Amino acid sequence: MKRETVPIVELLKETKGSVLILTHENPDGDALGSAMALYLFLKKKGKDVTVGCKDHVPHFLDFIPHVEDVVSLPDGKFYDIGIIVDSAGFYRAGTEVKVAKRIRIDHHVGGEFYGRYDYIDPNAPATASLVYEIIRAWDETAIDKDIATCIYVGLATDTGFFRYSNTNEYTFDLAKKLVHYGADPHYVYMMFSERESVNKMKLISKVLDTLTLYEDGLVAGITIYDRFFKETGTTYDDSEGLVNYPRSIEGVEVAFAMIEKPEEGSWKVSLRSKARVDVSKIAERLGGGGHKYASGCKIKASSYEEALRKLLEEVRKQIQLQKIHS
Ligand code: 5GP
Ligand code: MN
873 MKRETVPIVE
883 LLKETKGSVL
893 ILTHENPDGD
903 ALGSAMALYL
913 FLKKKGKDVT
923 VGCKDHVPHF
933 LDFIPHVEDV
943 VSLPDGKFYD
953 IGIIVDSAGF
963 YRAGTEVKVA
973 KRIRIDHHVG
983 GEFYGRYDYI
993 DPNAPATASL
1003 VYEIIRAWDE
1013 TAIDKDIATC
1023 IYVGLATDTG
1033 FFRYSNTNEY
1043 TFDLAKKLVH
1053 YGADPHYVYM
1063 MFSERESVNK
1073 MKLISKVLDT
1083 LTLYEDGLVA
1093 GITIYDRFFK
1103 ETGTTYDDSE
1113 GLVNYPRSIE
1123 GVEVAFAMIE
1133 KPEEGSWKVS
1143 LRSKARVDVS
1153 KIAERLGGGG
1163 HKYASGCKIK
1173 ASSYEEALRK
1183 LLEEVRKQIQ
1193 LQKIHS
C-alpha cells in the first residue's frame, strides 16, 4: 500500500516533459473519470499532457467533460512520464506504450509497482478519489465544474451510485465537496444509466436466457456469446453491468458473466460477490485481478465448456476455502 501523495505531486509539479495518462482497455467510469480529471487538472497547470486509451469511449461515458480529447493508443509516440489509472499494471492498457517513467494510481489489491511515485490505496472507494487527493495536495482551488464532474463519475460509478460496501463517510464527504464544486448527481445518473438503446434491451433478453445456477444456488452465471451482439446490433460495450443481474438473485453469493472474445480466442470473465466471497482471489488464480467484490480475468480456452470448467473449479475452490454454504 502506498498512500503518499507528496512524491507524485512533486514530480508532476517539477516536470517539463510530456505526460501520458492512460487507462485499462474497455474503460469504465472510474477509469475514464480519473484519467480525465487528472488530465484537465494538469492542463490547467500548463503541463504537456495527453490522455489515451486503447479502446474508444463507450456511449454511456461520452458525456464526461472533454472526453473527446482521449487519443487512441498506441499512438507511436514516446512520453517522459506515463501514468496508468485504475489498473493493476501497464499490461492492462492492452497495448504497447512507450514511456520513460511509469506511475500507477489505483485502488486495486496487489498489482505491479513501479516505484516511489505510485499512489495505491485499496481502501479508497474509487481511483477517482485518489486523483482528488493528488489534486487536493497540490491546488484544490483548481477544481472546477468539469474536473468535479469527472471525479464524481468515477466515485459514483465505482460505488454503484453510493450503494456498494465502499460507500462510507469518506465517500459521501467527497461527493458533497464535488457537488459543491459543480458536479450534478442527477445529470450524471441520467447520462450514465438512462440512455440505453432498444437493442441493448434485446441483448439483455438473450443474455438472461443463459442464466444458470450452480453450487445449490450460491453461484449464478450468464453467458454473452459474440453472436448475441451481431443478432441484436449491439457491441461489447453493451455488456457493461449485465453481471449485476445474476448477483441480484436471492441466495447468490458469486455471480459471473462470461463474454466471448473470438478474436482473442478467450473469454472475458466478470466476477461479482454479494458479500461473503472474495472474488479477487478467484480472478487472481486465473491470471486477473480486481477487488473483493468485483474482479475480472480472461480465460484462454478452445471451447466454452473448457473455459466454464476452469472458472467453476476456481469458484468452487474459493467457496470451500471460505467455508461458504447456502
Ligand atoms: P469488470 O468485471 O467490470 O470488467 O471488472 C471488475 C474489476 O476487475 C475492475 O476493478 C477491473 O479493473 C478488474 N479486472 C477486470 N478484468 C481484469 C483483468 O483481466 N485483469 C485484472 N488484473 N483485473 C481485471
Ligand atoms: Mn475503479
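Using the numbering used here, the first residue of the sequence shown is number 873, and each one after it goes up by one. We treat Cβ as the ideally placed atom computed from N, Cα and C, and that holds for glycine. For clarity, every value in this text was computed on a predicted model and none was experimentally measured.
DSSP, read as helix, strand or coil, puts glutamate 1041 in helix. Relative to the ligand MN, the nearest heavy atom lies less than 7 angstroms away from the CB of histidine 979. For secondary structure counted as the alpha helix (DSSP H) over 4 or more consecutive residues, the segment 1114-1178 holds these complete runs in sequence order: 1116-1119, 1151-1157. The nearest non-hydrogen atom of the ligand MN is 7 angstroms or more from the C-beta of aspartate 990.
Exposure of threonine 1013 is indicated by the presence of fewer than 16 other C-beta atoms within 10 angstroms of its C-beta. The continuous alpha helix (DSSP H) containing phenylalanine 1100 extends over residues 1098-1104.
Within 7 angstroms of the C-beta of arginine 1035 there is not a single heavy atom belonging to the ligand 5GP. Remark: C-beta atoms of alanine 1009 and threonine 877 approach each other more closely than 8 angstroms.
Here the segment 1082-1101 does not lie against the segment 1051-1070, with fewer than 3 beta-carbon pairs under 8 angstroms apart. For the pair alanine 1020 and serine 906, the CB atoms are not nearer than the 8 angstroms cut-off. By the Cβ test, the segment 1169-1186 is not in contact with the segment 1144-1151, since fewer than three Cβ pairs between them sit closer than 8 angstroms.
For alanine 907, the Cβ stays outside the 7 angstroms cut-off from all heavy atoms of the ligand MN.
The nearest non-hydrogen atom of the ligand MN is less than 7 angstroms from the C-beta of alanine 998.
CA-to-CA, the gap between tyrosine 963 and glutamate 1156 works out to about 15 angstroms. Contact annotation: tyrosine 951 and leucine 892 have beta-carbon atoms nearer than 8 angstroms.
Within the chosen limit of 7 angstroms, the ligand MN reaches the beta carbon of aspartate 1030 through at least one heavy atom. Taking C-alpha positions only, histidine 928 is separated from threonine 895 by approximately 11 angstroms. Contact annotation: glycine 901 and leucine 933 have beta-carbon atoms nearer than 8 angstroms. Inter-residue distance for leucine 1158 and isoleucine 1171 is about 7 angstroms (C-alpha atoms, whole angstroms). Comparing alpha-carbon positions, the option among Ser1175, Ala998, Gln1192, Leu912 lying closest to aspartate 1018 turns out to be Leu912.
The continuous stretches of alpha helix (DSSP H) do not include arginine 974, which lies in the beta strand (DSSP E) extending over residues 970-978. For aspartate 902, the Cβ falls inside the 7 angstroms cut-off from some heavy atom of the ligand MN. Pairing phenylalanine 1100 with isoleucine 1076, the inter-Cα distance amounts to about 9 angstroms. When distances are taken from the beta-carbon of arginine 964 to the heavy atoms of the ligand 5GP, the shortest one is below 7 angstroms.
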